[in-house]
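Trainee:
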Amino acid sequence: MLIEVILLATTLALLWLVFKRPSGLPPGRWGLPVIGYIPTSGKNIDDILKDFQKEYGDIYIWKFGSRIQVFIHDYHIVKQILGSPDYIDRPDMESFKIFEEVPLGISGSNGAIWHNNRRFILRQLRDLGMGKSRLVEAVQEQAEILIEALKEQAGKEAPIADALNYVIMNIIWKMSANKHFEMTSPKHRELRQMVAESAEATDKLVMSDMMPWTRTLLPTFIFRRLFNEDKFIEIVDRFHEFFQEMIDEHKESLNPDDPKDLIDAYLLEMKESHGQTDGIRSETDLRLILFDALFAGSDTTYNTMKWIFIYMAAHPDKQRKLQEELDNVLPSGTLVTLEDKPRIPYTEAVINEVLRMSSLTNVGVPHSPIRDVILAGYKIPKGSLVTPVTASIHYDPRYWDQPDVFLPERWLSPEGKFVMRKEGFLPFGVGKRSCVGESLARMELLVFTVTVFQNFSISPPEAKTIDLLPDYSSWIMHMSRKQNVVFTTRNP
Numbered sequence: 011m012l013i014e015v016i017l018l019a020t021t022l023a024l025l026w027l028v029f030k031r032p033s034g035l036p037p038g039r040w041g042l043p044v045i046g047y048i049p050t051s052g053k054n055i056d057d058i059l060k061d062f063q064k065e066y067g068d069i070y071i072w073k074f075g076s077r078i079q080v081f082i083h084d085y086h087i088v089k090q091i092l093g094s095p096d097y098i099d100r101p102d103m104e105s106f107k108i109f110e111e112v113p114l115g116i117s118g119s120n121g122a123i124w125h126n127n128r129r130f131i132l133r134q135l136r137d138l139g140m141g142k143s144r145l146v147e148a149v150q151e152q153a154e155i156l157i158e159a160l161k162e163q164a165g166k167e168a169p170i171a172d173a174l175n176y177v178i179m180n181i182i183w184k185m186s187a188n189k190h191f192e193m194t195s196p197k198h199r200e201l202r203q204m205v206a207e208s209a210e211a212t213d214k215l216v217m218s219d220m221m222p223w224t225r226t227l228l229p230t231f232i233f234r235r236l237f238n239e240d241k242f243i244e245i246v247d248r249f250h251e252f253f254q255e256m257i258d259e260h261k262e263s264l265n266p267d268d269p270k271d272l273i274d275a276y277l278l279e280m281k282e283s284h285g286q287t288d289g290i291r292s293e294t295d296l297r298l299i300l301f302d303a304l305f306a307g308s309d310t311t312y313n314t315m316k317w318i319f320i321y322m323a324a325h326p327d328k329q330r331k332l333q334e335e336l337d338n339v340l341p342s343g344t345l346v347t348l349e350d351k352p353r354i355p356y357t358e359a360v361i362n363e364v365l366r367m368s369s370l371t372n373v374g375v376p377h378s379p380i381r382d383v384i385l386a387g388y389k390i391p392k393g394s395l396v397t398p399v400t401a402s403i404h405y406d407p408r409y410w411d412q413p414d415v416f417l418p419e420r421w422l423s424p425e426g427k428f429v430m431r432k433e434g435f436l437p438f439g440v441g442k443r444s445c446v447g448e449s450l451a452r453m454e455l456l457v458f459t460v461t462v463f464q465n466f467s468i469s470p471p472e473a474k475t476i477d478l479l480p481d482y483s484s485w486i487m488h489m490s491r492k493q494n495v496v497f498t499t500r501n502p
């Protein structure tokens, strides 16, 4: 009997040591062993994090499953850590690795792979025309296609046309593969379907990432059914097939003296390296770069443009002011270029204010410390998920006067010039892993905004109002709610 008591006591002591909350961590919710803290209030993620901030301050933890998440609401601390090499990595999670032994591409990779791919993408944006006329012309061409599509729904109550998604995706394909899909193309429809399916599958994959022990303890068939892993793998395989077909076409037509797009440039680097890059350059890596470009380069811009339309429909006075500026500076039919930016400060102000208020990524992409670190006097364990709460910072009265008010004028100097203030503003992230495509995204937002509001006014349907609350079905994205608007043709 004594032996059994000793064994039980020893077991309990060991379990307590394994599952106890380590000392020195920030305050926050630890929850139960293994499963952590699972909220039961039914609140959306924004309100949950607001409650935590009120209770614990600007830095706190939320242990979800077996992962320690560190949420940060203070811009200066976010800027400090995201500029530090100690926080440069992404977490070791399948949702970042996409079932590769070593994460590839750019958004989920680390170390030399991430460094080389980021440098490669920046070079391609420069070489393929970022800031130059040919890329602006490609965006202008897609903007004019969008105008023709919007004319078909002019005067009708309808959701924002799917053509918006189509034209933004085509810009990415032009840069990546020198392709232009027709709106009715089966390839385009297939791609749209894969994107939609992957979003749903990713949510379940993230849940399994938060409880990695389930992969080991649960029978494989139960694990895969519970977290829909088979579906995710099937979608990833379809993406790989889609991209590999493009890569094979480029291998056949590759001209070393005339690279036409990102795929050509990558294949040339593979040839020039002669295998001397420690495996950094590979067709698998190229496929994942294309995967990242599709999601980071099109989906975010598409959803931000929808927010711009929605905010302008909800604020007709701001819309009129923007259109008056465009009418004075760019006569009807004049296509905007980057050289026009200094002359349309209010348009730039509107775009920035929508970026702030919509906060498309309500929480930033997690970073993971490469070692145990001390932050603001707290211990942050290696491998934690350190996440800035972007939406909270964008509405923080420490950085913004009247943060709940849509006020493009806050971005203008007393002389009426556009002023890019960075204090408390991070729609594209900050630090070494900030969005590599920010310059492209900003140029697209400018060209599409100008072109649409030169040609149309946007309003809510008669006797209805615009709903500016985000769709809270996603934990990581603030997408606009599905609703009808009315595009009315202008004759300035």
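Count along the sequence shown starting at 1, add 10, and that's the number in the numbering used here. Cβ atoms here follow ideal geometry from the backbone N, Cα and C, with glycine treated the same way. Because the structure is a prediction, the values reported are computed rather than measured.
Give me, in chain order, the residues of the same chain whose beta-carbon lies closer than 8 Å to that of residue 266; leave out the 5 immediate sequence neighbours on both sides.
Mentor: 278 and 281
Trainee: Could you pull the start and end residues of the beta strand (DSSP E) that residue 415 belongs to?
Mentor: Run containing residue 415: none; DSSP gives neither H nor E here.
Trainee: Would you mind working out which of 495, 207, 457 and 238 sits nearest residue 474, comparing C-alpha positions?
Mentor: 495
Trainee: Measure the alpha-carbon distance for residue 287 versus residue 109 and round it to whole angstroms.
Mentor: Caution is warranted here: a pLDDT of 49 is assigned to residue 287, below 50, making its placement in the model unreliable, and the coordinate value is therefore given only provisionally. One Cα belongs to residue 287, the other to residue 109, and the distance between them is close to 22 Å.
Trainee: Tell me where the beta strand (DSSP E) around residue 388 begins and ends.
Mentor: 388-390
Trainee: Quick test of your reading: residue 481 and residue 493, contact by CB under 8 Å. State the CB separation rounded to the nearest angstrom.
Mentor: Contact doesn't hold; Cβ gap of about 10 Å is too wide.
Trainee: Assess, as a yes-or-no matter, whether the region 146-166 is touched by the region 179-187 under the definition of 3 or more beta carbon pairs within less than 8 Å.
Mentor: Enough Cβ pairs lie closer than 8 Å, so yes.
Trainee: If you draw a straight line from the C-alpha of residue 51 to the C-alpha of residue 256, how long is it?
Mentor: 47 Å
Trainee: Check the DSSP bridge columns for residue 398 and list the partner residues they point to.
Mentor: Bridge pairing for residue 398: 82 [DSSP].
Trainee: Measure how close the beta-carbons of residue 468 and residue 322 come, nearest whole angstrom, since I'm counting them as under 8 Å.
Mentor: Indeed they touch by this definition, with Cβ atoms about 5 Å apart.
Trainee: DSSP state of residue 121, grouped into three classes?
Mentor: helix
Trainee: I need the DSSP call for residue 95, collapsed to helix, strand or coil.
Mentor: helix
Trainee: According to DSSP, simplified to helix, strand and coil, what is residue 191?
Mentor: Residue 191: coil per DSSP, three-state reduction.
Trainee: I'd like the ranges of any alpha helix (DSSP H) spanning at least 4 consecutive residues and lying wholly in the region 244-325.
Mentor: 272-283, 293-304 and 310-324
Trainee: Going by C-alpha distance, which of 484, 501 and 79 is nearest residue 206?
Mentor: 484
Trainee: Report the start-end ranges of each alpha helix (DSSP H) in the region 141-216 that is 4 residues or longer and not cut off at the edges.
Mentor: 143-162 and 173-187
Trainee: What are the start and end residues of each continuous alpha helix (DSSP H) run of 4 or more residues lying completely inside the region 434-466, in chain order?
Mentor: 448-465
Trainee: Can you tell me the Cα-Cα spacing of residue 403 and residue 304, whole angstroms?
Mentor: Their Cα atoms are separated by approximately 27 Å.
Trainee: Taking the alpha-carbon of residue 168 as reference, which of 421, 114, 479 and 470 has the nearest alpha-carbon?
Mentor: Of the candidates 421, 114, 479 and 470, the one whose C-alpha sits nearest the C-alpha of residue 168 is 470.
Trainee: Buried or exposed for residue 501, going by 16 or more other Cβ atoms inside 10 Å?
Mentor: exposed
Trainee: Are residue 313 and residue 487 close, meaning C-beta to C-beta below 9 Å?
Mentor: yes
Trainee: Around the Cβ of residue 79, are there at least 16 other Cβ atoms within 10 angstroms (buried) or fewer (exposed)?
Mentor: Under this definition residue 79 is a buried residue.
Trainee: Is the distance from the Cβ of residue 62 to the Cβ of residue 46 below 9 Å?
Mentor: no
Trainee: Just verifying my parser: in three-state terms, what is the DSSP assignment at residue 109?
Mentor: Annotated three-state conformation of residue 109 is coil, per DSSP.
Trainee: Tell me the DSSP bridge mates of residue 489?
Mentor: 481
Trainee: Would you mind working out which of 212, 60 and 88 sits nearest residue 440, comparing C-alpha positions?
Mentor: 88
Trainee: Reducing DSSP to helix, strand and coil, say where residue 235 ends up.
Mentor: helix
Trainee: Which partner residues of residue 498 appear in the DSSP bridge assignment?
Mentor: 467
Trainee: Could you check where the beta strand (DSSP E) with residue 70 kicks off and where it finishes?
Mentor: 69-74 is the extent of the beta strand (DSSP E) around residue 70.
Trainee: Where DSSP assigns a beta bridge to residue 426, which residues make up the other side?
Mentor: DSSP lists no partner for residue 426.
Trainee: Would you say residue 377 and residue 91 are within 9 Å of each other, going by their C-beta atoms?
Mentor: yes
Trainee: For residue 275, I'd like the list of residues in its chain whose CB is within less than 6 Å of its CB, leaving aside the five on either flank, ordered along the chain.
Mentor: 134 and 269
Trainee: So, at 7 Å on beta carbons, what are the nonlocal neighbours of residue 131 in its own chain, with the 5 sequence-adjacent residues on each side left out?
Mentor: 116 and 446.
Trainee: For a quick check, are the C-beta atoms of residue 85 and residue 408 less than 9 Å apart?
Mentor: yes
Trainee: Near residue 243, what residues of its chain come up, given a Cβ to Cβ distance below 6 Å and the 5 sequence neighbours on each side ignored?
Mentor: none
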